[in-house]
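**Q** All residue numbers for the sequence shown refer to the numbering used here, where the first residue is 269 and numbers rise by one. The beta-carbon is built from N, C-alpha and C at its ideal position, and this holds for glycine as well.
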Amino acid sequence: MRQLILAFASSMSDISTSAWNAAMGEANPFCRHEFLLALEQSRSACTATGWTPRHLCVFDAGDTLNDVASKDKSLSLLAEGGFISVQTAKHFNQFPLIAVMPLYQKSHSYGEYVFDWAWAEAYERHGLDYYPKWVNAIPFTPVQGQRMGIHPAVDRAEQLRVAALLLLTLNRRLISAQDNLVLEEAILNQPGLGDSPISSWHSLFVTPSQTPLFEGSPNSLLKRLGTQFHWHNRGYRDFKDFLAGFSSRKRKNILKERAQLQPFNLKFQFVEGEQITASQWQTFIQCYQLTYLKRSGHRGYLTPTFFQQLGAQLAAQVLLLVVEDAKGEMVAGALYLKGENTQGLKCLYGRYWGTTVELDGLHFEACYYQGIQYCIEHEFQVFDAGAQGEHKVLRGFEPVAIYSYHNIAHLGFKAAIADFVEQETLQMQQYMAQMQDVLPYKKEPS
């Protein structure tokens, strides 16, 4: 049996870029080492902002582990063939890294987009602490993706064992807030960078191909259903061909909406990452911060340094829509990223936008219609324009299922939350069916 060491990393800088990307894959830009490192180094996701990195790494120690374990007192047996260490991950870089999990200790629930505020409030009403909790997710990024990166050279049976060890490591940090007892065993001296035990852990926006890794867990995880609205390219020749599939009235509504911008003589131009100028980056950041400030009262979760580092490190995946007025001045921008989903389909991700002018229809044009046109022209199969927003449905975006997995230490609260999730799932299924019925596409004759 393959002998494995599990260890936490307090920073992406402690993990090799090539080793992380080999395990996680490079197709999804948000799961890449470069993206996560930019979040940390820009101080967008760090302890000061309530996102303390606790990335979990799995190393293959081969046949040497028994010798290592006898000498290294930091190792303790987690399960057969698996050891966990109080040493951080960089202590084991001599071994091949075969699996990773992006993980953060949270002191709040901002920037997650799978809402558990009501759960936290219920804890508080009963005099219990909901925080800290652990979140297996990409900060500020409501995009489906791998939540465990397992090297493709690992066979299926071994993948399941690795996944089980990762989940076991999370579960061993749970503590019962009801009676202050740990669910499985005392862990006051348990490995894990000296963290206090947690109330719960949450894996968010799990890609469908990885749901079996979570559903194979023996720990009765709570599976939560949500929805987003994605656009699918059905081989359209151009935007006109796309609209040809709409009912007449709804097609006219789109044309009317786009036409209202014509008097302003705006120019829309996509600029690939390497061609984005410093001036364009600066103006986009100003637009992003101003729009966030008007909407939310703050300048956004992401710092200017994050965008600059993203453009430098992931230029091939970055795409900036530059919107100029009749004078040639940039007045708005929308930042997209390119990638593939776990089904191998080319995906365009609309992530951030901002503007210095208030024009009806500009948001829809910059964030939806221009993205659709780009997908058609460049043969992208899927366009994910961001979380929520049922207004997308009338513009051709279809409801898709979004899954997250949760484990709660407090057994009483877990039972109550399980009942809530069950009812929420039924309501979400009904909602998705309703949204499917209001799609603008022509109905097939029955």
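Can you tell which of Thr285, Cys314 and Lys711 has the C-alpha that lies nearest to the C-alpha of Ser375?
**A** Walking along the sequence shown from the start, residue 375 turns up at place 107. Of Thr285, Cys314 and Lys711, the residue nearest in Cα terms is Cys314.
**Q** Comparing the C-beta of Ile466 with each C-beta of chain B, is any distance below 9 Å?
**A** As a matter of chain content, chain B is missing from the structure shown, which is built from one protein chain.
**Q** Note down, in chain order, each residue of its chain lying with its Cβ closer than 7 Å to the Cβ of Ala228, except the 5 sequence neighbours on either side.
**A** Since the first and last residues shown for the chain are 269 and 714, residue 228 lies out of range.
**Q** Determine, using beta-carbon pairs with one atom in the region 583-597 and one in the region 526-543, whether at least three such pairs fall under 8 Å.
**A** Because the criterion of three Cβ pairs below 8 Å is met, the region 583-597 and the region 526-543 touch.
**Q** Val411 and Glu380 look like a contact to me (Cβ under 8 Å); what is the Cβ gap, rounded to whole Å?
**A** The residue labelled residue 411 in the question sits at position 143 within the sequence shown. The residue labelled residue 380 in the question sits at position 112 within the sequence shown. Incorrect: roughly 12 Å between the Cβ atoms, too far for contact.
**Q** Taking its Cβ as the centre, do 16 or more other Cβ atoms sit within 10 Å of Asn609, making it buried, or is it exposed?
**A** Reading the sequence shown from its first residue, position 341 is the one you call residue 609. Buried, since its Cβ has 16 or more Cβ neighbours within 10 Å.
**Q** With DSSP run on the structure shown, which of helix, strand or coil describes Asn289?
**A** Here residue 289 refers to the residue found at position 21 of the sequence shown. The answer is helix: DSSP assigns Asn289 an H, G or I state.
**Q** Classify Ser564 as buried or exposed, calling it buried when 16 or more other Cβ atoms lie within 10 Å of its own Cβ.
**A** Position 296 of the sequence shown, counting from 1, holds the residue named residue 564. Exposed.
**Q** I'd like the list of long-range same chain contacts for Leu570, defined as Cβ closer than 6 Å, with 5 residues on each side in sequence excluded.
**A** Residue 570 sits at position 302 when you count from the first residue of the sequence shown. The answer, listed in chain order, is Ser312.
**Q** Suppose the cutoff is 8 Å on Cβ atoms and the five residues either side in sequence are ignored; what does the same chain contact list for Lys518 look like?
**A** What you label residue 518 is simply residue 250 of the sequence shown in a count that begins at 1. Within the same chain, Lys518 has close Cβ partners Leu662 and Pro708.
**Q** In whole angstroms, what separates the C-alpha of Leu558 from that of Leu630?
**A** The sequence position of residue 558 within the sequence shown is 290, counting from 1. The sequence position of residue 630 within the sequence shown is 362, counting from 1. Their Cα atoms are separated by approximately 15 Å.
**Q** Which residue from Val326, Ile670 and Ala634 puts its Cα closest to that of His359?
**A** Reading the sequence shown from its first residue, position 91 is the one you call residue 359. Cα-wise, what sits closest to His359 is Val326.
**Q** For Ser464, tell me which candidate among Gln478, Tyr399, Glu525 and Asp509 has the shortest Cα-Cα distance.
**A** Here residue 464 refers to the residue found at position 196 of the sequence shown. Nearest C-alpha to Ser464: Tyr399.
**Q** Is it true that the CB of Ser467 sits closer than 9 Å to the CB of Ile685?
**A** Numbered from 1 along the sequence shown, position 417 holds the residue referred to as residue 685. Numbered from 1 along the sequence shown, position 199 holds the residue referred to as residue 467. No, the pair does not count as a contact, with Cβ atoms beyond the cut-off.
**Q** Use the C-beta contact count for Asp447: other C-beta atoms within 10 angstroms, 16 or more gives buried, fewer gives exposed.
**A** The residue labelled residue 447 in the question sits at position 179 within the sequence shown. Confidence at Asp447 is low in this model, with a pLDDT of 43, below 50, so the placement of that residue should be treated as unreliable; the coordinate-derived value is given next. Exposed, since its Cβ has fewer than 16 Cβ neighbours within 10 Å.
**Q** In the structure shown, what three-state DSSP assignment does Phe276 receive?
**A** Along the sequence shown, read from residue 1 onward, the residue named residue 276 stands at position 8. Correct three-state label for Phe276: strand.
**Q** Relative to the C-alpha of Ala421, which candidate in Ala287, Gln649, Pro297 and Glu692 has its C-alpha closest?
**A** By one-based count along the sequence shown, residue 421 stands at place 153. Among Ala287, Gln649, Pro297 and Glu692, the Cα nearest to that of Ala421 belongs to Ala287.
**Q** Could you have a look at Asn501 and say whether DSSP puts it in helix, strand or coil?
**A** If you number the sequence shown from 1, residue 501 lands on position 233. In the structure shown, Asn501 sits in coil (DSSP, three-state: anything other than H, G, I, E or B).
**Q** Whose C-alpha, out of His394, Trp385 and Phe276, is nearest the C-alpha of Phe351?
**A** Here residue 351 is taken as the residue at index 83 of the sequence shown, counted from 1. Answer by Cα proximity: Phe276.
**Q** Whose CA, out of His674, Tyr673 and Gln656, lies closest to the CA of Pro667?
**A** The residue given as residue 667 occupies position 399 in the sequence shown. Per the Cα distances, Gln656.
**Q** What's the C-alpha gap between Leu346 and Gln576?
**A** Position 78 of the sequence shown, counting from 1, holds the residue named residue 346. Position 308 of the sequence shown, counting from 1, holds the residue named residue 576. Straight-line Cα distance between these residues: approximately 41 Å.
**Q** Drop a sphere of 10 angstroms on the beta-carbon of Asn296, count the other beta-carbons inside from all chains shown, and report buried for 16 or more, exposed for fewer.
**A** Position 28 of the sequence shown, counted from the start, is the residue given in the question as residue 296. The residue is buried, with at least 16 neighbouring Cβ atoms inside 10 Å.
**Q** Tell me where the alpha helix (DSSP H) around Ser344 begins and ends.
**A** Residue 344 sits at position 76 when you count from the first residue of the sequence shown. Looking at the DSSP string, Ser344 is not in any alpha helix (DSSP H); the run it does join, the beta strand (DSSP E), is Leu343 to Ala347.
**Q** Cα separation between Lys528 and Gln638?
**A** Mapped onto the sequence shown, residue 528 falls at position 260. Mapped onto the sequence shown, residue 638 falls at position 370. Before going further, note that residue 528 is Gln rather than Lys in the sequence given. Their backbone Cα atoms lie some 15 Å apart in a straight line.
**Q** Check whether the Cβ atoms of Val650 and Gly494 sit closer than 9 Å, and answer yes or no.
**A** Position 382 of the sequence shown, counted from the start, is the residue given in the question as residue 650. Position 226 of the sequence shown, counted from the start, is the residue given in the question as residue 494. For Val650 and Gly494, no; Cβs fall outside 9 Å.
**Q** Under a Cβ-count criterion, where at least 16 other Cβ atoms within 10 Å of its own Cβ denotes burial, should Glu597 be classed as buried or exposed?
**A** Working through the sequence shown from its first residue, we reach residue 597 at position 329. Counting Cβ neighbours within 10 Å, Glu597 comes out exposed, since fewer than 16 surround it.
**Q** Suppose the cutoff is 8 Å on Cβ atoms and the five residues either side in sequence are ignored; what does the same chain contact list for Cys299 look like?
**A** The sequence position of residue 299 within the sequence shown is 31, counting from 1. Closer than 8 Å at Cβ, skipping near neighbours: Met292, Gly293, Pro370, Ile406, Gly413, Gln414 and Gly417.
**Q** Would you decide whether Ala316 is buried or exposed? Buried here means 16 or more other CB atoms lie within 10 Å of its CB.
**A** Your numbering for residue 316 matches position 48 in the sequence shown. Exposed, since its Cβ has fewer than 16 Cβ neighbours within 10 Å.
**Q** Taking the straight line between their C-alpha atoms, what separation do you get for Glu692 and Leu396?
**A** As a working mapping, residue 692 is identified with position 424 in the sequence shown. As a working mapping, residue 396 is identified with position 128 in the sequence shown. Using only the alpha carbons, I get a separation of about 24 Å.
**Q** Any idea what DSSP makes of Arg619, helix, strand or coil?
**A** Position 351 of the sequence shown, counting from 1, holds the residue named residue 619. Strand.
**Q** Run through the DSSP bridge pairs and tell me what Met598 is partnered with.
**A** Here residue 598 refers to the residue found at position 330 of the sequence shown. For Met598, which the question treats as bridged, DSSP gives the partners Glu592.
**Q** Candidates Leu305, Gln581, Ala653 and Val599: which alpha carbon is nearest Gln550's?
**A** Translated into the one-based positions of the sequence shown, residue 550 becomes position 282. Ranking the options by Cα distance to Gln550, first place goes to Val599.
**Q** According to DSSP, simplified to helix, strand and coil, what is Leu679?
**A** Taking the first residue of the sequence shown as 1, we reach residue 679 at position 411. The answer is helix: DSSP assigns Leu679 an H, G or I state.
**Q** Counting along the chain, where does the beta strand (DSSP E) carrying Leu561 start and finish?
**A** Along the sequence shown, read from residue 1 onward, the residue named residue 561 stands at position 293. Here Leu561 belongs to no beta strand (DSSP E); instead the alpha helix (DSSP H) covers Ala546 to Ser564.
**Q** Can you grab the Cα-Cα spacing for the pair Tyr620 / Gln271, in whole Å?
**A** Residue 620 sits at position 352 when you count from the first residue of the sequence shown. Residue 271 sits at position 3 when you count from the first residue of the sequence shown. About 43 Å.
**Q** With a threshold of 7 Å on Cβ separation, who are the neighbours of Asp328 within its own chain once the five nearest residues in sequence on each side are excluded?
**A** Along the sequence shown, one-based indexing puts residue 328 at 60. Closer than 7 Å at Cβ, skipping near neighbours: Arg270, Leu272, Phe363, Pro364 and Ile366.
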